[in-house]
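Visitor: Okay, handing you the structure first.
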Amino acid sequence: MTATRLCRTFQTAPAAVPRDDSAKFLVSGLTSEGFQTPDWLVPDIEDGTAPSMKAEAVDNVVEHLPEHAPDFAGRVLPRVEWAYDDATFRERGREQIDRLATEVGDHLDGFVVPKVGRLDDVRDAAGAIAEAERDAGLADGVLDMAIILETAPARSDLREICAFAADSRLSALVFGPVDYTAELGGRALDGERPRWDGLLEALSNETSAAGVAAIGGPFDQLFCERAGVTYYNAAGYADQVEHEATIGIDGSWSLHPKQTSQANRIHMPRTDELTEALGKVEAFNEAKREGTGAVVVDGQMVDEATYKNFANTVETVRAVDETHPTQTAQYYEAGLLERALSVELRFN
Amino acid sequence: MTATRLCRTFQTAPAAVPRDDSAKFLVSGLTSEGFQTPDWLVPDIEDGTAPSMKAEAVDNVVEHLPEHAPDFAGRVLPRVEWAYDDATFRERGREQIDRLATEVGDHLDGFVVPKVGRLDDVRDAAGAIAEAERDAGLADGVLDMAIILETAPARSDLREICAFAADSRLSALVFGPVDYTAELGGRALDGERPRWDGLLEALSNETSAAGVAAIGGPFDQLFCERAGVTYYNAAGYADQVEHEATIGIDGSWSLHPKQTSQANRIHMPRTDELTEALGKVEAFNEAKREGTGAVVVDGQMVDEATYKNFANTVETVRAVDETHPTQTAQYYEAGLLERALSVELRFN
Amino acid sequence: MTATRLCRTFQTAPAAVPRDDSAKFLVSGLTSEGFQTPDWLVPDIEDGTAPSMKAEAVDNVVEHLPEHAPDFAGRVLPRVEWAYDDATFRERGREQIDRLATEVGDHLDGFVVPKVGRLDDVRDAAGAIAEAERDAGLADGVLDMAIILETAPARSDLREICAFAADSRLSALVFGPVDYTAELGGRALDGERPRWDGLLEALSNETSAAGVAAIGGPFDQLFCERAGVTYYNAAGYADQVEHEATIGIDGSWSLHPKQTSQANRIHMPRTDELTEALGKVEAFNEAKREGTGAVVVDGQMVDEATYKNFANTVETVRAVDETHPTQTAQYYEAGLLERALSVELRFN
Chain A
2 MTATRLCRTF QTAPAAVPRD DSAKFLVSGL TSEGFQTPDW LVPDIEDGTA PSMKAEAVDN
62 VVEHLPEHAP DFAGRVLPRV EWAYDDATFR ERGREQIDRL ATEVGDHLDG FVVPKVGRLD
122 DVRDAAGAIA EAERDAGLAD GVLDMAIILE TAPARSDLRE ICAFAADSRL SALVFGPVDY
182 TAELGGRALD GERPRWDGLL EALSNETSAA GVAAIGGPFD QLFCERAGVT YYNAAGYADQ
242 VEHEATIGID GSWSLHPKQT SQANRIHMPR TDELTEALGK VEAFNEAKRE GTGAVVVDGQ
302 MVDEATYKNF ANTVETVRAV DETHPTQTAQ YYEAGLLERA LSVELRFN
Chain B
2 MTATRLCRTF QTAPAAVPRD DSAKFLVSGL TSEGFQTPDW LVPDIEDGTA PSMKAEAVDN
62 VVEHLPEHAP DFAGRVLPRV EWAYDDATFR ERGREQIDRL ATEVGDHLDG FVVPKVGRLD
122 DVRDAAGAIA EAERDAGLAD GVLDMAIILE TAPARSDLRE ICAFAADSRL SALVFGPVDY
182 TAELGGRALD GERPRWDGLL EALSNETSAA GVAAIGGPFD QLFCERAGVT YYNAAGYADQ
242 VEHEATIGID GSWSLHPKQT SQANRIHMPR TDELTEALGK VEAFNEAKRE GTGAVVVDGQ
302 MVDEATYKNF ANTVETVRAV DETHPTQTAQ YYEAGLLERA LSVELRFN
Chain C
2 MTATRLCRTF QTAPAAVPRD DSAKFLVSGL TSEGFQTPDW LVPDIEDGTA PSMKAEAVDN
62 VVEHLPEHAP DFAGRVLPRV EWAYDDATFR ERGREQIDRL ATEVGDHLDG FVVPKVGRLD
122 DVRDAAGAIA EAERDAGLAD GVLDMAIILE TAPARSDLRE ICAFAADSRL SALVFGPVDY
182 TAELGGRALD GERPRWDGLL EALSNETSAA GVAAIGGPFD QLFCERAGVT YYNAAGYADQ
242 VEHEATIGID GSWSLHPKQT SQANRIHMPR TDELTEALGK VEAFNEAKRE GTGAVVVDGQ
302 MVDEATYKNF ANTVETVRAV DETHPTQTAQ YYEAGLLERA LSVELRFN
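Chains as they are written, first to last, in the working numbering: chain A, 2 to 349; chain B, 2 to 349; chain C, 2 to 349.
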């Protein structure tokens, strides 16, 4: 994860729900506070919104973004409809992209496109956004694209899709395990879906090679029950998010403010990680000032690659602080945070 | 798995064994009944038949197919000899394919080709079948091909081989773990072969993207012993087959009628799966009759993709019923089966 | 593993350490005895040598190879500096390769190049060795190349890199899990790195398809502590090496003579494996002498592929015996070894 593409949390919120206030979850996402504010808020016009409410979902986004997006700390990328194997969905997706870019393009950071197929289909989706961008008079490339990786052909073309991402508006790949398992004909015989370890490993590798973000799939066992008491499944979700962090998946899908609150924390550098990174960077800066030739810190040479890793940890903290200062203030001791914000980050 | 390529069970039967009746297992496979009838019977002229009996194995297939194949409910695809790295085997394989196509081509559904290598070798095998088909005066493309995925070059070319399959007579890929492990130099130091999870996941994905069938490898620990009593290892085989079903492998390899009997059941839609699918399809049909615009069933929009999934479950039951009515009659409650056989399956 | 590229053990030894005798570990590696002699000794000029000692590390290799290499049973391939994303490292690597090829080229078997990227970068590294070889007046292709697989782009191009290996001086791929995990952004949240099973499986497959060697990553938990006593972690390392052998990884990375001693044994055919291979080969030879047509041993036809597997086991023992006779003498009963050394190994 590079700091410029901070996406610890990818929170979907249905853009319309069957209530008096159909934009309830959209607005609560846009006005969330503290650790409940996601890095990416994804107003969901696709699977999270009932079929009869799609039009109202788009209306809700058009209506509420101008009011709330300017004060929202994260980025906003609606998920539109799309399907590599169904032209009707692609047509609807193009209309949704067009209307949103035209009417609230200034308040959008991009679009999330689900159920893409092979590279050609991904190119088509990117083309639809480019066209909408032009028609809306927006600057070229200002709208990002994320795709949901949830079909067999997209998994088959993962390497080519990531090569395309390295050089296009495609900036994140998000795993969609439910549709993926259905498309492969997998059956939850014992109630458990496979984790698809091979896919996750390849996703982490190819997105790293392309310099784009990788996001894990949703965790839908939000609540547990034991002896008649229902409680939030904090342990189950944290286990999944920690596993994702371990294998280099940059961010996690959230379905609930509590999940956002956990994943925002887990994907932040921990105090010990930040302390080590700052120590290395500060010692490097000191050695540079003293004109020592090779810069060795604690017996380890700090070369450009090593420096970049430590600097990246500090820059991630800065990126979080810039957009979510209440999170950094709450998470780090004041002196440590101050050092992170003030240290010089320049290799040469 | 599409219903047209029903392959819950891929049962190999040695085409000649060293007994007075050398065709014993071939004939018992061809005359099996009930749940012991496999979807594919594979008379094995390759590794299952002793080297000295290859000619007799081909003779047995030529002799017994005309009598038993017409009444056999499944498909018949003999496994011939082949090896990407040994021209002698390929020459023998071509002769076996030629002779069988010429003499009993009308009773065959295709051939299983083992130890293929890179895409070029797979094309060669397909070409050998095309040539035999022509020479035998059979209709173009009437003979299918399945390959055993059991060499490093074939695994390396898996994606390209499946792209070829999407547009050729190649209609199934079957995993061959014993030869595969040997070719990679794997050693069973603790008596256990690796499961090769990465290969199985890729096999499920690429065959799904190509629309062809994926079949798991054989399970050879047929029997267990405990305290002096030997018994059929029903649990071990069912565990493997259920794992295959979980990750979207369409069918399982069987070495024994009892294994066939288990895998036929595990790869059938369960009663709860069929009940759900029928409920959705029937409600969709009802809504369509009433002229409701968007068709929503239980709050879920039934789009073409969703409909296809449910319809596919029903079609699988119909395909089983068409070829193995004793299996469906035994497995499903009569009313449920009747609904599956009579419901209208048409999206538009 | 083919016998001609015997690499059970890939032992790195820092080429210069901050001691009075800075070549201590280099020389002890070159003068190791018995099972502590690795098949490949890798004088480490890269990460194993402190930045301030790189020049001294190259000097040490130049100084000590002429004295010790002629009597060293294994092969010697120094690890030089390199990085696909940093031209400074590549420049230093070229200088190290040039100087070593020119001054001690006759005592070298090749070079180990770390942190390579996509295929183009691997070609560049091979080109640097080719150029140095020419400039040093060495025979074309006499110097092998091994690469460390430890970056996202190299993993992405693994298949293409192995295809290149099949036809070039690239003869081994070695896994580098520490840098690989860092590059993917993986975090050791619970102190454990992922094992990267998908990568290892692909590495075993692609190197097998290309006919080159695959080597596992280092195991750095050399010692354990319990109740105040520190002891060598023999079990942890053996577990990793056995897992590697199980999935067809040909050899293991060693950081210590004790690790070399274990991995040399684990990657040798066991007595039961050698006994079986010899039995098959001898029975085959007997049958051939008697002029039996098809050669069947214990009911199994010994075809060329089967014969090659058994012959390869015997040839591995011969290769070990040729270079490390004290190891074979200690490991095998004398009669068995004598049979392995004297049996005729010729299929036709």
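By construction, the Cβ of each residue, glycine as well, lies at the ideal position given by its N, Cα and C atoms.
Given a cut-off of 8 Å on the beta-carbon distance, is the pair L204/A and D145/A in contact?
Guide: no
Visitor: Between the Cα of E82/B and the Cα atoms of V105/B, D72/B, E64/B, M54/B, which residue gives the shortest distance?
Guide: M54/B
Visitor: Select from V230/B, I250/B, D251/B, K259/B the residue whose C-alpha is nearest the C-alpha of G1/B.
Guide: Only positions 2 to 349 of chain B appear in this structure, which leaves residue 1/B out of reach.
Visitor: Tell me whether the stretch 13-27 of chain C and the stretch 328-343 of chain B touch, counting them as touching only if at least three CB pairs, one residue from each stretch, are closer than 8 Å.
Guide: no
Visitor: Would you mind working out which of A131/B, L150/B, I148/B sits nearest D141/B, comparing C-alpha positions?
Guide: Here the closest residue by C-alpha is A131/B.
Visitor: Identify every residue that forms a DSSP beta bridge with L150/B.
Guide: L150/B is bridged to F176/B.
Visitor: Quick one: what does DSSP say R95/C is sitting in, helix, strand or coil?
Guide: helix
Visitor: Quick check on D273/C - is its C-beta less than 8 Å from some C-beta in chain B?
Guide: no
Visitor: Closest to H69/A by CA distance: which of A147/A, T324/A, G30/A is it?
Guide: When each option's Cα is compared against that of H69/A, the closest is G30/A.
Visitor: Cβ atoms of V175/C and L150/C: under 8 Å apart, would you say?
Guide: Between L150/C and V175/C, the C-beta spacing is below 8 Å.
Visitor: Check whether the Cβ atoms of T32/C and T261/C sit closer than 8 Å, and answer yes or no.
Guide: no
Visitor: In the DSSP output, which residue or residues are listed as bridge partners for C225/B?
Guide: Paired residues: Y232/B.
Visitor: Could you compute how far the alpha carbon of D136/B sits from the alpha carbon of T103/B?
Guide: 7 Å
Visitor: On the premise that T317/B lies in contact with L7/B, defined as a C-beta separation below 8 Å, what is that separation, rounded to the nearest angstrom?
Guide: At roughly 7 Å, the Cβ-Cβ gap stays under 8 Å, so L7/B and T317/B are in contact.
Visitor: Can you check DSSP and say which residues form a bridge with L42/B?
Guide: Q12/B, V77/B
Visitor: Give the interface partners of R266/A over in chain C, defined as CB-CB distance under 7 Å, in chain order.
Guide: What R266/A touches in chain C: nothing, since even the nearest Cβ is about 12 Å away.
Visitor: Excluding five sequence neighbours on each side, which residues of the same chain lie with their C-beta closer than 7 Å to the C-beta of R156/A?
Guide: L150, L200
Visitor: Taking only beta-carbon positions, decide if T247/B is within less than 8 Å of chain A.
Guide: yes
Visitor: For chain A, check one thing: does any of its Cβ atoms lie closer than 8 Å to the Cβ of A183/C?
Guide: Between A183/C and chain A, the shortest Cβ-Cβ separation is below 8 Å.
Visitor: For D273/C and L223/C, what's the separation of their Cα atoms in angstroms?
Guide: Rounded to whole angstroms, the gap between the alpha carbons of D273/C and L223/C is 30 Å.
Visitor: Using a Cβ-Cβ distance under 8 Å, would S23/A count as near chain B?
Guide: no
Visitor: Do we get a CB-CB distance below 8 Å when we pair W197/C with the residues of chain A?
Guide: yes
Visitor: Residues of chain B with CB under 7 Å from R188/A, in chain order?
Guide: A246, T247
Visitor: Name the one or two DSSP bridge partners that A210/C has.
Guide: Under DSSP, A210/C forms no beta bridge with any residue.
Visitor: Quick check on P71/A: buried or exposed, where buried means 16 or more other Cβ atoms within 10 Å of its Cβ?
Guide: exposed
Visitor: Is there a Cβ from chain B that is less than 8 Å from the Cβ of N310/C?
Guide: By this cut-off, N310/C is an interface position.
Visitor: Counting Cβ pairs, one atom from each stretch, are 3 or more of them under 8 Å apart for the stretch 168-187 of chain B and the stretch 179-188 of chain A?
Guide: no
Visitor: Mind checking which residues open and close the beta strand (DSSP E) that includes F36/A?
Guide: Per DSSP, F36/A belongs to no beta strand (DSSP E) and is neither H nor E.
Visitor: Does chain A have any CB closer than 8 Å to the CB of A278/B?
Guide: No, A278/B does not count as interfacial toward chain A.
Visitor: Using a cut-off of 8 Å between C-beta atoms, extract the partners of A215/C located in chain F.
Guide: The chain inventory of the structure shown lacks chain F, comprising the protein chains A, B and C.
Visitor: Spell out the partners DSSP gives A189/B in its beta bridges.
Guide: The partner list for A189/B (beta bridge, DSSP) is empty, contrary to what the question assumes.
Visitor: Could you list which residues in chain A have their beta carbon closer than 7 Å to that of R156/C, in chain order?
Guide: N206
Visitor: Would you say D251/C lies against chain B (beta-carbon separation less than 8 Å)?
Guide: For D251/C, the answer is yes, since a Cβ of chain B falls inside 8 Å of its Cβ.
Visitor: Looking at the ligand HEM, does it come within less than 7 Å of E193/C, judged from the CB to the closest heavy atom?
Guide: In the structure shown, the ligand HEM is absent, as is every other ligand, since no ligand is present at all.
Visitor: Hey, is A17/B's beta-carbon within less than 8 Å of any beta-carbon in chain C?
Guide: no
Visitor: Assuming V113/B contacts A58/B under a Cβ cut-off of 8 Å, what Cβ separation, rounded to an integer in Å, is found between them?
Guide: Rounded, the Cβ-Cβ distance is 14 Å, inconsistent with contact.
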